[in-house]
Each structure stands twice: as C-alpha cells, then as structure tokens.
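Notes to accompany the following structure.
2 protein chains.
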Amino acid sequence: MTETRVTAEPGVPQVVIVREFRAPRELLFRAYTEPDLVPRWLGPANLTLTVNQLDPRHGGRWRWTHYDTNGRGYAFHGLYHGTPTPERIVQTYEFDRQPGVVYLNTITFEERDGITTLTQNTVFFTVEDRDLYVRDGMERGIRASMEQLDALVTRMAEEA
Amino acid sequence: MTETRVTAEPGVPQVVIVREFRAPRELLFRAYTEPDLVPRWLGPANLTLTVNQLDPRHGGRWRWTHYDTNGRGYAFHGLYHGTPTPERIVQTYEFDRQPGVVYLNTITFEERDGITTLTQNTVFFTVEDRDLYVRDGMERGIRASMEQLDALVTRMAEEA
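The listed protein sequences derive, respectively, from chains V and E.
So in the working numbering the end of the first sequence lands on 160, straight run, no missing numbers.
So in the working numbering the end of the second sequence lands on 1160, straight run, no missing numbers.
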C-alpha cells in the first residue's frame, strides 16, 4: 500500500503532500474536476460533501461544503488560476469560518509506468495560517481523502 | 523619508515588503485599483506600463504590460480573490514569460494618525520561484515603485 507523505517544516508557511496511485493521471484529474466524483473521495469519512459550484477554467469559481452528522456545514471556496489540466490544477482557497485566511494550492499529476505521483503544494501568508490548517485536522482529512481517492481511481481503472 | 523594508528569508518561499506613507489608505487603494493611476507609479522608471485589464472584484481578471524603450513587453496577469477593499487586496500572479510560476500576493493598508502602513506579502510554491522573482529585479522594481507611489499619493493628499 502506498503512503501519503506530508511535509510541514517549522517556520515555513507551506504544506507539501505526495502520494502515488496505480492509475493514469487522467482518472485523478477527473476525480478532482467532475462534480459527481469529488464527493466520492474528498473529506474525512464522517463528513458528507456537497459540491456547490465547480467551474474548472481560468477565473472559474469552486465551492464545496462538508456536512457533519448534525447538518452543520463547513464551506470552502476559491478560484481556479489557469484552466485545470491533467498535469496541474492551481486554486485559491478560503474557509468560510476563517474569512481572510486565503491560501494557494497546486496539485500536479506525474504519470510514469502506470503510476501517477500526486503532489499537493499549499502556501499560506503566515506560518500561523499554516498551523491553523494543520491543527484543524486538515492533515488527517487529507490522509483519509487520499485513501478514498486511491480506492476510487483504482476501481475506475479496473472498470475502464 | 520613509524606507521600504524587504524581507526574503533563506529557505522560505516568501517576500514581505513594508512601507509607510503619509496619506490615507483610501488614496493608496485608489492607486492600486484605478487603471488611470496604476501606470503612474508601478514599475521601474525605465519601463512604461499599460494596464490591459483591471477588474477589481472577486474572480475579476487583471493584466498589465511593462514596455521597455525598444517596445519589448513584459506582461503579468492574474485574478482577484475576494473583492479588493481599502483594507486588503489579494491577487494571483503569473508572468507570461515564466508560465506556470504562479504566486499569491496580498497587500494590506493599515492607517493610523494619517500614516498608512502598506504590507505586501507574496508567497510562492518553491524557494526557487521566489529567488527567480527577486533575481529578476523585482525587489529593485518594487523599491522604485514604492517611491513613485509615495510621490503620487502625497500629491493626491495635498490636492484633496
């Protein structure tokens, strides 16, 4: 089983996540950009995701909301910088409950010999913003998401 | 005369610029968001700026081109995340000659006793991208810009 590597160095306002998938990057790209597929893997298992908006082109907006079992929603939103491609997606992010804490995220997909390496690089304006992101369970949520994403794209690859 | 302080720490993909102005922040905000005012201060003195697009609202696009004396153009573009206000402007950036090197920039204006402190915080995906930005004379261009901006808003404040 592949492992999700998370790097968050002290004093650097950045988080880098790397994981390998046994699937072509085209499937990973679809999992990130198709509104029907995103809820099947994004977020921890105890939350339900609703994609409110997903317009994968330069200047397009995205918004999704994680709901807990009490119906409490946690909404994130932002913009796509550059039109997303199977090589790369660049997005701004803002959590509605932490307005003003904006960060920039890029996801790259590199495919070699049937293995796709996903790298998510997130940069923040301050180390405090980064620590807030990590503290709020983002890292845990990301590890869970990566496992769910792996299950999804593996199934999609088998069915193809 | 106030000084522009530039911080670019080793190993951190970030540049922070701080400068004080003897002008209300409303004038600084106008200087950043009005297409007629931006060319009056932005960029080194040996380049001429053309604002191609400037749509200061959430998801709005901006593009401007610096021309040298030979007519050679250096174009930058990006998006506004959140609608710019006199408190804060957040923009994505990309230089047409370095496609793929995307960075996020925030400018905050804090006014106290007639003095506005401008802080520009720029974060990059890699230290190499940051070093490219600094190497290409951005820091020098920013210092020159800040002096021109000071002259502009001082004159606007006097005329008001």
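By construction, the Cβ of each residue, glycine as well, lies at the ideal position given by its N, Cα and C atoms.
Interface annotation for the region 1081 to 1101 of chain E against chain V: His1081, Gly1082, Arg1088, Val1090, Thr1092, Glu1094, Gly1100, criterion Cβ-Cβ distance under 8 Å. Val1012, Pro1013, Gln1014: these are the residues of the region 1012 to 1046 of chain E whose beta carbon lies less than 8 Å from some beta carbon of chain V, given in chain order. Contacts with chain V at 8 Å (Cβ-Cβ) include Asn1121 of chain E. In the DSSP assignment, His1066 of chain E is bridged to E:Leu1049, E:Tyr1074. When C-beta distances to chain V are compared with 9 Å, the residues of the region 1054 to 1085 of chain E below that value are His1058, Gly1059, Gly1060, Arg1061, Gly1078, Leu1079, Tyr1080, His1081, Gly1082, in chain order. Beta-bridge pairing by DSSP links Thr1119 of chain E to E:Val1018, E:Thr1108. Straight through space, the alpha carbons of Leu1027 of chain E and Met1156 of chain E are spaced by roughly 7 Å. For Thr1007 of chain E, the nearest beta carbon of chain V is not closer than 8 Å to its own beta carbon. Among the residues facing chain E, Leu104 of chain V is included, as its CB has a counterpart in that chain under 8 Å away. Between the region 1035 to 1042 of chain E and the region 1093 to 1101 of chain E there are fewer than three C-beta pairs closer than 8 Å, too few to call the two in contact.
In the structure shown, the three-state DSSP call for Leu149 of chain V is helix. Residue contact with chain V for Phe1109 of chain E: absent (no Cβ-Cβ distance below 8 Å to any residue of chain V). Burial state of Pro99 of chain V is exposed, judged by a 10 Å Cβ sphere holding fewer than 16 other Cβ atoms. Classified as exposed, Asn1046 of chain E has fewer than 16 neighbouring CB atoms from the shown chains inside 10 Å of its CB. Pro1044 of chain E is a Cβ neighbour of Arg1140 of chain E, given a cutoff of 8 Å. With fewer than 16 other Cβ atoms inside 10 Å of its own Cβ, Gln53 of chain V counts as exposed. Proximity of the region 1110 to 1123 of chain E to the region 1014 to 1021 of chain E meets the contact definition, three or more beta-carbon pairs being nearer than 8 Å. Leu49 of chain V and Ile1089 of chain E have their C-alpha atoms some 30 Å from each other.
The three-state reading of DSSP puts Leu1042 of chain E in coil, since its state is none of H, G, I, E or B. Per DSSP, the continuous beta strand (DSSP E) segment holding Val6 of chain V begins and ends at 5 to 7. Counting only residues of its own chain and dropping the five nearest sequence neighbours on each side, Glu110 of chain V has a CB closer than 6 Å to the CB of Thr117. Bridge partners of Tyr1032 of chain E according to DSSP: none are assigned. Here Glu159 of chain V carries a helix assignment [DSSP, helix/strand/coil]. Distance check between Ala23 of chain V and each of V:Val127, V:Phe125, V:Pro86 places V:Pro86 closest, using alpha-carbon atoms only.
With a cutoff of 8 Å on beta-carbon distance, Leu79 of chain V and Ser145 of chain V are scored as not near each other. Look at Val134 of chain V here: in three-state DSSP terms it is helix. Pairing Leu1132 of chain E with Val1153 of chain E gives a Cβ-Cβ distance that is not under 8 Å. Ala1151 of chain E sits exposed, since fewer than 16 C-beta atoms from the chains shown fall within 10 Å of its C-beta. Annotation for Tyr93 of chain V: the continuous beta strand (DSSP E) segment containing it runs 88 to 95. When only Cα atoms are considered, Arg1143 of chain E and Tyr74 of chain V end up about 41 Å apart.
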